[in-house]
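Sequence order for the protein chains is B and W. All residue numbers for the first sequence refer to the numbering used here, where the first residue is 1 and numbers rise by one. All residue numbers for the second sequence refer to the numbering used here, where the first residue is 1001 and numbers rise by one. Report on one structure; see the data block that follows.
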Amino acid sequence: EVQLVESGGGLVQPGGSLRLSCAASGFIFSSYWMTWVRQAPGKGLEWVASIKKDGSEKYYVDSVKGRFTISRDNAENSLYLQMNNLRAEDTAVYYCARDRDFARDYWGQGTLVTVSS
Amino acid sequence: QSALTQPPSVSGSPGQSVTISCTGTSSDVGSYNRVSWYQQPPGTAPKLMIYEVTNRPSGVPDRFSGSKSGNTASLTISGLQAEDEAYYYCSSYSSSTLVVFGGGTKVTVL
């Protein structure tokens, strides 16, 4: 059974940093692109970042470029999102998702990030 | 990075059909058969319903179908059921941003 479990969310002050993790199981992690998607309270889904199977290519939405870094550890079956210089508008539930056939076929339950003073 | 355009809401009675549109551009929906649809009941994670415009993952009822014409993709729910009440989001591969989502459509079963 495919499982994705996010962790690392919480309350952080503007300008602060947070590192999200996503533990994957039930599939060959190194065979799939992976993606982070976020959802601000009461709002729609927003793609944040994606990473190639071997980590050699990374893509970001413009609003997080230079502040967020997506990475993965295929030996540990884990996906990460390092978030620096956080802003109020980064407040959201962050989901990790597996990519397949240009879609996100499995999603975690999400972890809430709140940026507030 | 503009989102794909979806109607805010659609509604229908049980047994009826509803269609949700998703309008993009020639940089995304219009040029690639890489449109997917997601169902999200309140308080839950999204679930993949359609990928590559028309394909249903295993376990998704055949009441759900997808199509595309030009820059607009569509999701049709036939034989609407109470359990179909949720938000639905379209998404597409984009040559400019890699991935783009629609703003979401609330489906209400009357």
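All C-beta atoms, glycine included, are put in the ideal place defined by N, C-alpha and C. Just so it is clear, the structure is predicted and the values come from calculations on it, not from any experiment.
Is the beta carbon of residue i sitting closer than 7 Å to the one on residue j?
{"i": "T1023 of chain W", "j": "T1005 of chain W", "result": "yes"}
{"i": "L4 of chain B", "j": "G108 of chain B", "result": "yes"}
{"i": "A1073 of chain W", "j": "V1018 of chain W", "result": "no"}
{"i": "R38 of chain B", "j": "G55 of chain B", "result": "no"}
{"i": "S1027 of chain W", "j": "Y1051 of chain W", "result": "no"}
{"i": "Y1089 of chain W", "j": "G1104 of chain W", "result": "yes"}
{"i": "G28 of chain B", "j": "I51 of chain B", "result": "In the sequence as presented, Gly is not what sits at residue 28 of chain B; that position holds Ile. Their beta carbons are not under 7 Å apart, which means I28 of chain B does not touch I51 of chain B by this criterion."}
{"i": "G1070 of chain W", "j": "T1054 of chain W", "result": "no"}
{"i": "L86 of chain B", "j": "V12 of chain B", "result": "yes"}
{"i": "C22 of chain B", "j": "E6 of chain B", "result": "yes"}
Go ahead and pull the three-state DSSP assignment for residue i.
{"i": "E6 of chain B", "result": "strand"}
{"i": "D99 of chain B", "result": "strand"}
{"i": "E89 of chain B", "result": "helix"}
{"i": "D73 of chain B", "result": "strand"}
{"i": "V1109 of chain W", "result": "strand"}
{"i": "E1083 of chain W", "result": "helix"}
{"i": "F1064 of chain W", "result": "strand"}
{"i": "F29 of chain B", "result": "helix"}
{"i": "D105 of chain B", "result": "strand"}
{"i": "S63 of chain B", "result": "helix"}
Leaving aside the five residues before and after residue i along the sequence, list all residues of the same chain whose C-beta is less than 7 Å from its C-beta, in chain order.
{"i": "D1084 of chain W", "result": "I1077, V1107, V1109"}
{"i": "K53 of chain B", "result": "S30, S31, Y32, W33"}
{"i": "Q1016 of chain W", "result": "L1080"}
{"i": "L112 of chain B", "result": "G9, V93"}
{"i": "R1113 of chain W", "result": "Here chain W has residues from 1001 to 1110 only, and residue 1113 of chain W is not among them."}
Does the ligand COA have even one heavy atom less than 6 Å from the beta-carbon of residue i?
{"i": "T1076 of chain W", "result": "Judged by which ligands are present, the structure shown has none, so any question about the ligand COA falls away."}
Expressed to the nearest angstrom, what Euclidean distance is found between the alpha-carbon atoms of residue i and residue j?
{"i": "T114 of chain B", "j": "A92 of chain B", "result": "7 Å"}
{"i": "Y1087 of chain W", "j": "V1060 of chain W", "result": "16 Å"}
{"i": "G136 of chain B", "j": "G1102 of chain W", "result": "Absent from the model: residue 136 of chain B. The displayed extent of chain B is 1 to 117, so no value can be given."}
{"i": "L81 of chain B", "j": "A49 of chain B", "result": "9 Å"}
{"i": "S1011 of chain W", "j": "I1020 of chain W", "result": "10 Å"}
{"i": "A24 of chain B", "j": "R104 of chain B", "result": "14 Å"}
{"i": "M83 of chain B", "j": "D101 of chain B", "result": "27 Å"}
{"i": "S1096 of chain W", "j": "G15 of chain B", "result": "28 Å"}
{"i": "V1068 of chain W", "j": "L20 of chain B", "result": "Sequence inspection shows Lys at residue 1068 of chain W; the Val mentioned does not correspond to that position. So the alpha carbons of these two residues sit roughly 36 Å apart."}
{"i": "E89 of chain B", "j": "N1033 of chain W", "result": "32 Å"}
{"i": "S117 of chain B", "j": "P1057 of chain W", "result": "43 Å"}
Might you give, ordered along the chain, the residues of its own chain that have their beta carbon closer than 6 Å to the beta carbon of residue i, omitting 5 neighbours on each side?
{"i": "E1 of chain B", "result": "G26"}
Within the same chain, show all residues whose beta-carbon is closer than 8 Å to that of residue i, passing over the 5 residues directly before and after it, in chain order.
{"i": "N1082 of chain W", "result": "Just to set this straight, residue 1082 of chain W is Ala in the shown sequence, not Asn. Cβ within range, chain order: P1014, V1109."}
{"i": "D99 of chain B", "result": "Y32, W33, M34, T35, S50, D105"}
Worksheet entry | Interfacial residues, the segment 12 to 32 of chain B to chain W, with Cβ spacing under 7 Å | Shown here is that no member of the segment 12 to 32 of chain B has a Cβ falling below 7 Å from a Cβ of chain W.
Discussion item. By the 9 Å beta-carbon criterion, what residues does the segment 35 to 46 of chain B contribute toward chain W?
Written reply: Closer than 9 Å at the C-beta level to chain W, one finds these residues of the segment 35 to 46 of chain B: T35, V37, Q39, K43, G44, L45, E46.
Item to complete: With 7 Å as the limit, tell me which residues of the segment 86 to 97 of chain B have their beta carbon closer than that to any beta carbon of chain W; keep them in chain order.
Response: For the segment 86 to 97 of chain B, which is checked against every Cβ of chain W, the residues closer than 7 Å are Y95.
Worksheet item: Using a Cβ cut-off of 7 Å, which residues of the segment 97 to 109 of chain B contact any Cβ in chain W, in chain order?
Response: Of all residues in the segment 97 to 109 of chain B, the ones placed with a Cβ closer than 7 Å to any Cβ belonging to chain W are D101, F102, A103, R104, D105, W107, G108, Q109, in chain order.
Item to complete: With 7 Å as the C-beta to C-beta threshold (strictly closer), list the residues of the segment 47 to 73 of chain B near chain W in chain order.
Response: Within the segment 47 to 73 of chain B, the qualifying residues are W47, S50, Y59, V61, D62.
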